[in-house]
Amino acid sequence: ILEMLKFYPRVLYIDIDVHHGDGVEEAFYVTDRVMTLSFHKFGDMFFPGTGDIWDKGSGVGESYAVNFPLKDGIDDESYQDIFVPVVNKVMEVFRPSAIVLQCGADSLAQDRLGCFNLTTRGHANCVSFVKSFNVPTLVLGGGGYNIRSVARCWVNETATVLGQELDTRIPYNDYWEYFAPDYNLHVEKTQMENANSKMYLEKLRIKIMENLRSLNAAPSVQMQEMPPTTYDSDFASEDDFDPDERRLQAEMDARQDPREMFDDENDQGFEGMAR
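For the sequence shown, the UniProt record's numbering gives the first residue as 1, with consecutive numbering after it.
As structure tokens, then:
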């Protein structure tokens, strides 16, 4: 995201992992150039224990951290009922110039650590909806503790991003037996009870909409010098460096190997020739 901010005035981070996106939220908690939006399990001492609806940023970044705390067992229908209107409002108010979408697969049904009841179709619907805004988007993986579900999820969502339709029957491959007994692309929901009542979800949705309405307009960014693109100089070619740019001696020394140095003719294999 820091790299993206060099080229885009505003970046929206959306997290559909079952855990709260606490690290990204904390990193940008006091800025209005990044809005973080996290849909996650909250309460019952569930890790990491952060992400209440009242956690909404500070200082210049107040109301730019958006949290939708959920209970166990949320299904596709309930998830879409909150995801679509909230993302719509965020796009309207914040008007991001780029999006980062974190697609943690631990929000799927049957995950070993997660406690949601989403199918791969419902999960991918979130990707499809974000894609529909035609804003430059970086799609990332995230958590996931059922390896078969993770593989299914991210194959399906890669296809969604590319606009490809996949056969639901998994073709024969070296790991085919892992997907027994149905060998199906999709993860289906279980009989888990949905603890998220319509009244509970609607109450949170209304509160989030009120917070977002307090933002009058998308924040502007003052013109400033563009910092250089981050890259590892250890792997850069000498041709990539500007000869007029001063470089640290330590950096140049780090690129040297003692085996490249020749102190005298003995280093070149000439010893004994004069004898």
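Each residue gets a CB set at the ideal place from its N, CA and C atoms; glycine is no exception.
Just so we're clear, the structure is a prediction, and the values are computed from it rather than from any experiment.
Check your understanding: Going by the CB atoms, is the gap between SER58 and TYR13 shorter than 8 Å?
Key -> Against the sequence shown, residue 13 aligns to sequence position 13. Against the sequence shown, residue 58 aligns to sequence position 58. No, the pair does not count as a contact, with Cβ atoms beyond the cut-off.
**Study point:** Whole-Å CB distance - GLY163 paired with TRP154, under 8 Å assumed
**Key:** Taking the first residue of the sequence shown as 1, we reach residue 163 at position 163. Taking the first residue of the sequence shown as 1, we reach residue 154 at position 154. The Cβ separation is near 16 Å, so there is no contact.
Exercise for review: Can you tell me which of ASP75, LYS41 and GLN80 puts its alpha carbon nearest to the alpha carbon of PHE68?
Suggested key: Translated into the one-based positions of the sequence shown, residue 68 becomes position 68. The shortest Cα separation from PHE68 among ASP75, LYS41 and GLN80 belongs to LYS41.
**Study point:** For residue 276, the three-state DSSP class (helix, strand or coil)
**Key:** Absent from the structure is residue 276, since the part of the chain shown begins at 1 and ends at 275.
Point to revise | Identity of the residue in ARG112, VAL60 and SER197 nearest residue 345 by Cα | key: In this structure the chain extends from 1 to 275, so residue 345 is not present and cannot be described.
Practice item. Please confirm whether ASP15 and PRO48 have their CB atoms less than 8 Å apart. Key: On the sequence shown, residue 15 is found 15 positions in, with the first residue counted as 1. On the sequence shown, residue 48 is found 48 positions in, with the first residue counted as 1. Not in contact: ASP15 and PRO48 (Cβ atoms no closer than 8 Å).
Practice item. With distances taken Cα to Cα, identify the nearest neighbour of VAL86 among LEU37, LEU5 and LYS6. Key: The residue labelled residue 86 in the question sits at position 86 within the sequence shown. Ranking LEU37, LEU5 and LYS6 by CA distance to the CA of VAL86 puts LEU37 first.
**Study point:** Counted within 10 angstroms of its Cβ, other Cβ atoms place GLY269 as buried (16 or more) or exposed
**Key:** In the sequence shown, residue 269 corresponds to position 269, counting from 1. Low per-residue confidence applies at GLY269: pLDDT is 44, beneath 50, and the placement is therefore not dependable enough to give any value.
Review point. By Cβ distance below 6 Å, which residues in the same chain neighbour ASN216 in space, the five residues on each side in sequence not counted?
Key: Residue mapping note: residue 216 aligns to position 216 of the sequence shown, counting from 1. Excluding residues within five positions, none has a Cβ falling inside 6 Å.
Exercise for review: Look at the alpha carbon of PHE94 and the alpha carbon of PRO181, and state the distance between them as a whole number of angstroms.
Suggested key: What you label residue 94 is simply residue 94 of the sequence shown in a count that begins at 1. What you label residue 181 is simply residue 181 of the sequence shown in a count that begins at 1. Straight-line spacing of the CA atoms in PHE94 and PRO181 works out to 46 Å.
Check your understanding: Is the stretch 65–79 touching the stretch 132–151 in the sense that three or more CB pairs, one from each, lie closer than 8 Å?
Key -> No, they do not touch.
Check your understanding: Just checking my contact of ASN196 with SER78 at CB under 8 Å: how many whole Å lie between their CB atoms?
Key -> Here the question's residue 196 lines up with position 196 in the sequence shown. Here the question's residue 78 lines up with position 78 in the sequence shown. A Cβ-Cβ separation of about 6 Å places ASN196 in contact with SER78 under the 8 Å criterion.
Point to revise | Beta-carbon contacts of residue 278 that lie in its chain and below 6 Å, excluding the five residues immediately before and after | key: In the structure displayed, the chain extends from 1 to 275; residue 278 sits before or after that span and is not available.
Point to revise | N- and C-terminal bounds of the alpha helix (DSSP H) containing PRO85 | key: Sequence index remark: in the sequence shown, residue 85 carries index 85 (1-based). PRO85 -> alpha helix (DSSP H) spans 76–94.
**Study point:** Selection from LEU5, GLU92 and PHE46 that minimises the alpha carbon distance to LEU212
**Key:** Here residue 212 refers to the residue found at position 212 when the sequence shown is read from its first residue. Closest option to LEU212, Cα to Cα, is GLU92.
Exercise for review: May I ask whether a heavy atom of the ligand ATP can be found less than 7 Å away from the beta carbon of ALA27?
Suggested key: The ligand ATP is not part of the structure shown, which contains no ligands of any sort.
Check your understanding: Just curious, the beta strand (DSSP E) that SER38 is in, first and last residue?
Key -> In the sequence shown, counting from the first residue as 1, residue 38 sits at position 38. 34–41 is the extent of the beta strand (DSSP E) around SER38.
Point to revise | Rounded C-alpha distance that separates THR190 from GLN110 | key: Taking the sequence shown and counting its residues from 1, the one referred to as residue 190 is at position 190. Taking the sequence shown and counting its residues from 1, the one referred to as residue 110 is at position 110. Just so you know, the alpha carbons of THR190 and GLN110 end up roughly 7 Å apart.
Check your understanding: What are the start and end residues of the beta strand (DSSP E) that includes ILE99?
Key -> Locating residue 99 in the sequence shown gives position 99, counting from the first residue. 98–102 is the span of the beta strand (DSSP E), which, as asked, contains ILE99.
Review point. Where does VAL34 land, buried or exposed, given buried means 16+ other C-beta within 10 angstroms?
Key: In the sequence shown, residue 34 corresponds to position 34, counting from 1. The C-beta of VAL34 has 16 or more other C-beta atoms within 10 Å across all chains shown, which makes the residue buried.
Point to revise | LEU201 beta carbon less than 8 Å from that of ASP75 | key: Mapped onto the sequence shown, residue 75 falls at position 75. Mapped onto the sequence shown, residue 201 falls at position 201. With respect to the 8 Å criterion, ASP75 and LEU201 are not classified as neighbours on the basis of their beta carbons.
Review point. Under the three-state reduction of DSSP, which class applies to ALA180: helix, strand or coil?
Key: Walking along the sequence shown from the start, residue 180 turns up at place 180. If DSSP states are grouped into helix, strand and coil, ALA180 belongs with coil.
Review point. DSSP state of ARG11, grouped into three classes?
Key: Taking the first residue of the sequence shown as 1, we reach residue 11 at position 11. Per the sequence presented here, residue 11 reads as Val, with Arg not at that position. Here VAL11 carries a strand assignment [DSSP, helix/strand/coil].
Review point. On the three-state DSSP scale, how would you describe ASP17?
Key: Within the sequence shown, the letter at position 17 stands for residue 17. Three-state result, ASP17: coil.
Check your understanding: Is ASN194 closer than 8 Å to GLY114 when the C-beta atoms are compared?
Key -> On the sequence shown, residue 114 is found 114 positions in, with the first residue counted as 1. On the sequence shown, residue 194 is found 194 positions in, with the first residue counted as 1. Contact: no.
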